[in-house]
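Engineer:
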Amino acid sequence: MGRFFGRRINFGDLVVQLLQVVVLVIVVVALYNTITTGRYTSRHWVSLIFAGLAQGSIYALIALGYTMVYGILRMINFAHGEVYMAGAFSTVFLAQHFASNGFLNAQPVLAITVLILFAALVSMAVAFLLERIAYRPLRNAPRLIPLITAIGASFTLQYTFRGFYGTQFRSYPEVTALRGTVSLFGYSIPIVQLVVLAAAVVLMFVLYWYVERTKAGKAMRAVSEDKAVARLMGIDIDKVIVTTFLIGGALAGAAGVFNGLYRPQGVYYFMGFFPGVKAFTAAVLGGIGNIPGAMVGGLVLGMLESLGPNAILEGLGIPGANQLKDVIAFTFLVLILIFRPQGIFGERLREKKV
Amino acid sequence: MSEARNNTAPSSVWKSVLRFGLVGGAIALYFCMVGMVAAFDQRFLVAGQLTLGDLVLYVGPFLAGLSTARALADRTAWQRLLFGLLAGAVAALPSILIMLFSQQVNIGAVFVSLSSPLINILTFGRGLPDGLPLLVGVFGLLGLLGAAYTFLSQQARNAVNLALLVIVTVALFSDIPIRVIEKYFSARVARAIFQGNALLPLSAVVLSLLTVGLSYFGSLRAAKKKVGESKKPERLILGRYPINQVLSWALVIAFLLVLPQTDRVLAHVMMFIGLYVMMGLGLNIEVGFAGLLDLGYVAIFAFGAYTIGILTTQAAIGTFGLSFWVALPIAVIVGVVFGALLGIPVLRMRGDYLAIVTLGFGEIIRLLALSDWLSPLVGGAQGIVRIPSPSIAGFDINSPERYYYLVLIGVALTAFLAVRLRDSRLGRQWMAMREDEDVAQSMGIDLVQTKLLAFAIGSASAGFAGAIFAARLGGIFPHSFSLIISITVLSAIIIGGFGSIPGVIVGAAVLVGLPELLREFNEYRFLIYGILLVVMMLTRPAGLLPTDTFKRELESLEEGDEGMNNPVSAGG
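As they're listed, the protein sequences go chains A and B.
My numbering puts the first residue of the first sequence at 1, with every later residue one more than the last.
My numbering puts the first residue of the second sequence at 1001, with every later residue one more than the last.
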């Protein structure tokens, strides 16, 4: 096929460039339509932005697990969404127990902390077993093999927890302290969104501090830079890798509880799949392997997903736009991987890893 | 596992007993908590003696005994047996603890499988405190068996494995032999061998002795033969085909043609297997030959099905009303075109990114099919119904058997195409690309063209399969086209062996046929797929029927430097 275009022009690049123009034109036209019709007020947009930020901070916490594991092992831990599910799904029972004996509403801060710790513990255990059983023996295998193992592990985990807890949807109880709204610059924002956002940001800063300032974090960065040299410097590679998985698991577990508080509709065995793929999108968006990138990527993706249906799809005159929220996220994933696989902050990583 | 020449120190002996025992116990507990043990307990393999659930439960303690005896290879036989027994007994601990704990705290409300039927199985119907010593005893015995297994020679082990496999297979699929025997002999013969769906104890013993004997002496004779004999020239038919091969192929073909006539359910299942074989052969071109891991393959299947749906439906949605035979080539062409279109943007990607993007594509297509936006065209969540069944010159294809033959033709076509492509210049280009893109390119292979051809040709069979699927069901719905189909097809390829055409057929038969025929498995089919994928990748990454190339590739990688720091690797 290359022949038709002559040898000079790379066919793939040409198509990608054309596609880029087409996508840009569509988005601009849609935004223009939406804004000129003026269907939504600024209040509506602000509430969408905060909902997006809260959802995005959950994606960001999961994305950190992807990004850290990729940074160290150069593999996509396809089963990371299931690590998140494991924490969220297991903790729902404890949360319901706390709600029924009144602990949750009497001591909300303490109860939620316990829930987060419990979810983190479960997710860490799953991440640990995943690394130990499925990934460690395959560290030197061709790249396709760990990837397929990860896909298999993902299904194994989903259906394992389905076997454990059944197929039913379970809901997190509502916390009365998180009900209601606060007024911020004249806009009323649900408290729960602010709390989730704040807690996620705190966790991210703790992680950033850990990786950048502690000795263990330094070892982690060294391993991600060059395993052979790191080993020569006396770093226990296995330990670093396990730590990475554990941290990623803990953050995913915490994200599971935040998700339960923020959107109590239901946890079930398949709940990890979509957030998992979206968090991966966030990680790629921020430049995979890049920790601050994953945080920003998550928040951007959350906002895009929340604003996209109203801002872009309705501008194109597509009915039932909110049904297509996931389509926006997936399309965004595809476009990011096509146009800018190195992500926003990932210029340096390009030749080495992609 | 320790490889010390001297006697292992006493403390490390106890350590390995405890370690392997607890791991075995964790495995047993896992199968209990996931619900497999209780769910499979209704299915007797040997009437009154052994259920499928027991078999699943016994894997853990058996492995514990086996691993312990292996780890203590330097000890005397008696010690190995003893420690195997102990490890087996230790394996009962986790289950016992959970059961006792469940008496104190109501964790049965959380773990749905931890119910009285399960406790009944684990205590052999004797209630909680009384049955526990028995559980320890049985698990210990299994540990002993596991340890004893290590004493067998390779031939004997193969024979035992085979006997177990034969018994389980015959008992699980007893429906088919029973129906065949009843049809062609008499019901009395069937009753003499089977009771209900299970083998009678006597027939199980006879069957296993027969298998062990045949296998053992067969392998002994084969070993003797190898030593002395020079190779006889094979007789050929038509100057180039060895007579044995021709005969066995003829047998297989006759089997495939006749078997569905015996039973309607079987015909239906074989039709489904055939659909997956078609898709597997197509995806094998992308994944197995060209090394492009495509997780969005179901999208092409959906395109094929929806093309048939839109073009032939008699419901209000369709305005075309074409016949199946006109729409079929269009469905294949639509599949090819979309396969190539989806291929273009991902040309520059490798390995894992490719997998995720194609997965994204697959989900986008499914969500769009489900949306209100496109529902005037594709029916939204209600799907497309009233798709007529195809007919040739007044001969309606409307029963499972007839669809089966239609699928068989499709399979034969795709298999022929796949074999010819594999041995063609293009096939060699794909494999070169799979092994190393950069080197392939520098050898003058046009990557763009080669990749797009892989996507396009691989998609053709999915379009074909989708078309038959739509006509067979008479109606299509968006949830039929979820990621799980891509994963099933991928699993079939991987279980069979990357790039291996017979492997795809075996893989599809195992992965699709088993759960369709065994209702017990259906609940756990995806769990089993997942476990199989992981276990296969860990133990036999080349698959059950591997191609020589892929085996070589893996071996060379294992010998070579650490692949971890090496971005250039197979399929990457």
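By construction, the Cβ of each residue, glycine as well, lies at the ideal position given by its N, Cα and C atoms.
1. How would you list, in chain order, the residues of chain B whose beta-carbon sits under 7 Å from the beta-carbon of Thr181 of chain A?
2. Give the single residue among B:Leu1275, B:Gly1466, B:Ala1089 and B:Val1136 whose Cα lies nearest to the Cα of Val1407 of chain B.
3. Between the segment 1340-1374 of chain B and chain A, which residues of the former have CB atoms less than 8 Å from a CB of the latter, in chain order?
4. Take Ser1461 of chain B and list the residues in its own chain whose beta-carbon comes closer than 7 Å to its own, dropping the five residues that flank it on each side.
5. Could you confirm whether any beta carbon from chain D is found closer than 9 Å to the beta carbon of Val1298 of chain B?
6. Does DSSP put Ser1113 of chain B in a helix, in a strand, or in coil?
7. Along the beta strand (DSSP E) that carries Ser183 of chain A, what are the first and last residues, could you check?
8. Pro341 of chain A by DSSP, collapsed to three states: which one?
9. Which value, in whole angstroms, describes the spacing of the CA atoms of Phe4 of chain A and Gln1449 of chain B?
10. Any beta carbon of chain A sitting closer than 9 Å to that of Leu1527 of chain B?
11. Buried or exposed: His44 of chain A, going by 16 or more other Cβ atoms within 10 Å of its Cβ?
12. Please return the same chain residues whose Cβ sits closer than 8 Å to the Cβ of Phe1206 of chain B, not counting the five positions on each side in sequence.
13. With DSSP as the reference, label Val1138 of chain B as helix, strand or coil.
14. Using 10 angstroms around the beta-carbon of His1479 of chain B, count the other beta-carbons present and answer buried if the total reaches 16, otherwise exposed.
15. What's the C-alpha gap between Leu129 of chain A and Gly249 of chain A?
16. Hey, quick one: how far does the beta strand (DSSP E) through Ser188 of chain A stretch, first residue to last?
17. Find the residues of chain A that neighbour Phe1101 of chain B, judging by a C-beta separation of less than 9 Å, and give them in chain order.
18. On a CA-only basis, which of A:Val196, A:Gln17 and A:Ser90 is nearest Gly163 of chain A? Give me that one, please.
19. Which of helix, strand or coil does DSSP assign to Arg3 of chain A?
20. Using 9 Å as the limit for Cβ to Cβ distance, is Ala252 of chain A near chain B?
21. Across which residues does DSSP place Val267 of chain A in a beta bridge pair?
22. Between the beta-carbon of Val1332 of chain B and the beta-carbon of Gly1296 of chain B, is there less than 9 Å?
23. So, with DSSP's three-state summary, where would you put Phe1124 of chain B?
24. Cα-Cα, which of A:Ala283, A:Pro137 and A:Thr243 is closest to Ala127 of chain A?
25. Looking at Ala1192 of chain B: is its Cβ nearer than 9 Å to the Cβ of Leu1199 of chain B?
26. DSSP on Leu1322 of chain B, reduced to helix/strand/coil?
27. Smallest Cα separation from Val1535 of chain B: which of B:Val1056, B:Val1512 and B:Ile1494?
28. Counting contacts by CB-CB distance shorter than 9 Å, is Pro137 of chain A in contact with chain B?
29. For Trp1249 of chain B, is the classification buried or exposed, using 16 other Cβ atoms within 10 angstroms of its Cβ as the cut-off for buried?
30. Alpha carbon to alpha carbon, what distance is there between Ala1465 of chain B and Leu1256 of chain B?
31. Taking 9 Å as the threshold (beta carbon to beta carbon), is Gln265 of chain A in contact with chain B?
32. Do you know whose CA, among A:Ala216, A:Asp236, A:Gly38 and A:Leu232, lies nearest Ile247 of chain A's CA?
33. Under three-state DSSP, which class holds Gln1195 of chain B?
34. If distances are taken between C-alpha atoms only, which option among A:Ile291, A:Leu14 and A:Val29 comes closest to Gly438 of chain A?
35. Reducing DSSP to helix, strand and coil, say where Ile336 of chain A ends up.
36. For the alpha helix (DSSP H) holding Leu115 of chain A, just list the boundary residues, first then last.
Structural biologist: By the coordinates alone:
1. For this step, residue 181 of chain A is matched to residue 181 along the first sequence. Per Cβ cutoff of 7 Å: no residues; Thr181 of chain A is ~31 Å from chain B at best.
2. Locating residue 1407 of chain B in the second sequence gives position 407, counting from the first residue. Relative to the Cα of Val1407 of chain B, the nearest Cα in the group B:Leu1275, B:Gly1466, B:Ala1089 and B:Val1136 belongs to B:Leu1275.
3. Those residues of the segment 1340-1374 of chain B that come within reach of chain A (Cβ to Cβ, closer than 8 Å) are Ile1344, Pro1345, Val1346, Leu1347, Arg1348, Met1349, Arg1350, Gly1351, Asp1352, Tyr1353, Ala1355, Ile1356, Val1357, Leu1359, Gly1360, Phe1361, Glu1363, Ile1364, Leu1367, Leu1368, Leu1370, Ser1371, Asp1372 and Trp1373.
4. Within the second sequence, the letter at position 461 stands for residue 1461 of chain B. Met1278, Met1279, Leu1281, Gly1282 and Thr1414, listed in sequence order.
5. No chain D appears in this structure, whose protein chains are A and B.
6. The residue given as residue 1113 of chain B occupies position 113 in the second sequence. Looking at Ser1113 of chain B - three-state DSSP - the assignment turns out to be coil, as it is neither helix nor strand.
7. In the first sequence, the residue the question calls residue 183 of chain A occupies position 183. For Ser183 of chain A, the enclosing beta strand (DSSP E) covers residues Thr181 to Leu184.
8. Counting from one through the first sequence, the residue named residue 341 of chain A turns up at place 341. In the three-state reduction of the DSSP assignment, Pro341 of chain A falls in the coil class, being assigned neither a helical nor a strand state.
9. As a working note, residue 4 of chain A is residue 4 in the first sequence. As a working note, residue 1449 of chain B is residue 449 in the second sequence. In this prediction, Phe4 of chain A has a pLDDT of 47, which is less than 50 and means its spatial position is unreliable; what the coordinates show is noted afterwards. Computed Cα separation, rounded: 11 Å.
10. Translated into positions along the second sequence, residue 1527 of chain B becomes position 527. Output row for Leu1527 of chain B: interface = yes.
11. Residue mapping note: residue 44 of chain A aligns to position 44 of the first sequence, counting from 1. Per the 10 Å Cβ criterion, exposed.
12. In the second sequence, counting from the first residue as 1, residue 1206 of chain B sits at position 206. The question names Phe, but residue 1206 of chain B is Val in the sequence shown. Excluding residues up to 5 positions away in sequence, nothing lies with its Cβ nearer than 8 Å to the Cβ of Val1206 of chain B in the same chain.
13. One-based indexing of the second sequence puts residue 1138 of chain B at position 138. Helix at Val1138 of chain B.
14. Here the question's residue 1479 of chain B lines up with position 479 in the second sequence. Here His1479 of chain B is exposed, its C-beta having fewer than 16 other C-beta atoms within 10 Å.
15. For the purposes of this step, residue 129 of chain A is taken as residue 129 along the first sequence, with counting starting at 1. For the purposes of this step, residue 249 of chain A is taken as residue 249 along the first sequence, with counting starting at 1. Note on geometry: alpha-carbon atoms of Leu129 of chain A and Gly249 of chain A lie some 11 Å from one another.
16. What you label residue 188 of chain A is simply residue 188 of the first sequence in a count that begins at 1. Counting along the chain, the unbroken beta strand (DSSP E) around Ser188 of chain A starts and ends at Tyr187 to Pro190.
17. Residue 1101 of chain B sits at position 101 when you count from the first residue of the second sequence. Correct list: empty, because the minimum Cβ distance to chain A is about 15 Å.
18. As a first step, residue 163 of chain A must be located in the first sequence, where it is residue number 163. Comparing C-alpha distances from Gly163 of chain A to each of A:Val196, A:Gln17 and A:Ser90 shows the shortest one belongs to A:Ser90.
19. As a first step, residue 3 of chain A is located in the first sequence; it is residue number 3 there, counting from the start. Only weak support exists for where Arg3 of chain A lies, its pLDDT of 48 falling under 50; the value from the coordinates is given anyway. Helix, per DSSP.
20. Taking the first residue of the first sequence as 1, we reach residue 252 of chain A at position 252. Ala252 of chain A has a beta carbon lying at 9 Å or more from every beta carbon in chain B.
21. The sequence position of residue 267 of chain A within the first sequence is 267, counting from 1. According to DSSP, Val267 of chain A bridges with A:Arg170.
22. In the second sequence, residue 1332 of chain B corresponds to position 332, counting from 1. In the second sequence, residue 1296 of chain B corresponds to position 296, counting from 1. In this structure, Val1332 of chain B lies away from Gly1296 of chain B, with their beta-carbon atoms at least 9 Å apart.
23. Reading the second sequence from its first residue, position 124 is the one you call residue 1124 of chain B. Coil.
24. Taking the first residue of the first sequence as position 1, residue 127 of chain A is located at position 127. Looking at A:Ala283, A:Pro137 and A:Thr243, the one whose alpha-carbon comes closest to that of Ala127 of chain A is A:Thr243.
25. As a working note, residue 1192 of chain B is residue 192 in the second sequence. As a working note, residue 1199 of chain B is residue 199 in the second sequence. In this structure, Leu1199 of chain B does not lie closer than 9 Å to Ala1192 of chain B by Cβ.
26. Locating residue 1322 of chain B in the second sequence gives position 322, counting from the first residue. In the structure shown, Leu1322 of chain B sits in coil (DSSP, three-state: anything other than H, G, I, E or B).
27. For the purposes of this step, residue 1535 of chain B is taken as the residue at position 535 of the second sequence. Measuring from the Cα of Val1535 of chain B, the nearest candidate turns out to be B:Ile1494.
28. As a working note, residue 137 of chain A is residue 137 in the first sequence. Yes - at least one Cβ of chain B is within 9 Å of the one on Pro137 of chain A.
29. Translated into positions along the second sequence, residue 1249 of chain B becomes position 249. So Trp1249 of chain B ends up on the exposed side.
30. Translated into positions along the second sequence, residue 1256 of chain B becomes position 256. Translated into positions along the second sequence, residue 1465 of chain B becomes position 465. The alpha-carbon atoms of Leu1256 of chain B and Ala1465 of chain B are separated by roughly 19 Å.
31. Numbered from its first residue, the first sequence carries residue 265 of chain A at position 265. When Cβ-Cβ separations below 9 Å define contact, Gln265 of chain A makes no contact with chain B.
32. On the first sequence, position 247 is the one that residue 247 of chain A refers to. When each option's Cα is compared against that of Ile247 of chain A, the closest is A:Ala216.
33. Here the question's residue 1195 of chain B lines up with position 195 in the second sequence. Strand.
34. The question about residue 438 of chain A has no answer here: the residues shown for chain A are numbered 1 through 354.
35. Within the first sequence, numbered from 1, the residue matching residue 336 of chain A stands at position 336. The DSSP-derived three-state label of Ile336 of chain A is helix.
36. Within the first sequence, numbered from 1, the residue matching residue 115 of chain A stands at position 115. First-last of the alpha helix (DSSP H) with Leu115 of chain A: Pro108 to Leu129.
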